[in-house]
Amino acid sequence: MESTLRNRLSQKSMDRMQKIHEKYTESNKEKAAIESEVLYASTEAAEGETVKEENSVSTLSDEPISLEEYKTQIDEALREYFVTDDVMEILYCIEELDAPLYRYQVVMRAISLAVDRGSKEKELVSRLFSVGFSHYLSLFQVTKGFEKLFERLSDLQLDCPHIADDLSKFLARAITDEVLPPSILNDFILKEYGAEVLTMTETLLNMPHSFEYMERVWGARIAALEDIQMTKKLLVDAIAEFYDSHDAAEVEDR
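Written out as structure tokens, the structure is:
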């Protein structure tokens, strides 16, 4: 099945995965092993709930894609995303895998991988949720991803003592970005397993100038997607004007 799946992946995805393999297999082998162990522990309790999910059919294969294969693909795509900052590429990967029943794993694994990294990676995860919401990640999928993390909070804290603080920031940022509604704070599962996290989230949302603060909650300086798109548009317009007028001075003025 794995061979069939890979044969039908786009060449672009195959090239991407090959580069990831070459770059990370050797230099980050030990770290990846530790991360995989932690992630396995955080999802082991949910394996009994995935019997129906195992029948999720990917358009990339004549057979259902397995949950393990999906997690492997998403983990590799996330690691590349942390290097390239290319949010559209990872969203393309999520869409290409086409297994909606598994997409809550994107939320779980993105946060789980980011909490052991720096502010840049955490900002990239928040941006992934914001840009990908609606078309690539549904409200149900994002909510379920957070619920699964909260269910494993006590275990995750053993390996990552600061995860409650990070989760509160991820949750508050998702609410600020309108990925999740404020009513998520009344979610039964979140309240049962992470009341402390919800209290911290409410504190963040109720502080003065909370919107401005949450935009910079991770302290990472990454150009906004809208700024990048606008810059590209201005460059294209300037180049087109130059070819039309051959007036370099006018283009420089822009």
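The opening residue of the sequence shown carries number 335 in our numbering; numbering runs sequentially from there.
For every residue, glycine included, the Cβ atom is placed at its ideal position computed from N, Cα and C.
With 16 other Cβ atoms within 10 Å as the buried cut-off, status of residue i
i             : result
threonine 533 : exposed
lysine 313    : No information on residue 313 is available, as it lies outside the stretch 335 to 588 that the chain covers here.
glutamate 452 : It is worth fixing the name first, because residue 452 is glycine in this sequence and not glutamate. Its Cβ having fewer than 16 others within 10 Å, glycine 452 is exposed.
alanine 529   : exposed
serine 517    : exposed
arginine 550  : exposed
Nearest-angstrom Cβ-Cβ length linking residue i and residue j, presumed shorter than 8 Å
i             : j           : result
leucine 514   : valine 476  : 6 Å
aspartate 511 : serine 464  : 4 Å
leucine 425   : glycine 466 : 5 Å
Cβ-based neighbour list, residue i, same chain, cut-off 7 Å, excluding 5 preceding and 5 following
i              : result
tyrosine 527   : Phe484, Glu485, Leu487
methionine 541 : Tyr547
leucine 539    : Ala506, Ile509
tyrosine 438   : Gln475, Lys478, Gly479, Lys482
Limits of the unbroken alpha helix (DSSP H) element including residue i
i              : result
isoleucine 509 : 497–510
aspartate 409  : 401–418
glycine 528    : 522–540
glycine 466    : 453–466
serine 446     : 438–448
aspartate 489  : 487–493
serine 544     : 544–549
tyrosine 426   : 421–431
Residues near residue i by beta carbon distance below 8 Å, same chain, minus five either side
i              : result
isoleucine 497 : Val449, Leu487, Leu490, Gln491
arginine 443   : Leu373, Lys405, Ile408, Asp409, Leu412
Own chain residues within Cβ distance below 6 Å of residue i, not counting five before or after
i              : result
valine 441     : Val476, Gly479
tryptophan 552 : Ser453, Lys456, Glu457
(Q) Using a Cβ distance threshold of 8 Å, determine whether the region 516–524 contacts the region 488–502, with at least three qualifying pairs required. (A) no
Q) So, do the region 488–498 and the region 535–544 have three or more beta carbon pairs nearer to each other than 8 Å? A) For the pair of segments examined, the region 488–498 was found not to touch the region 535–544: the number of CB pairs separated by less than 8 Å stays below three.
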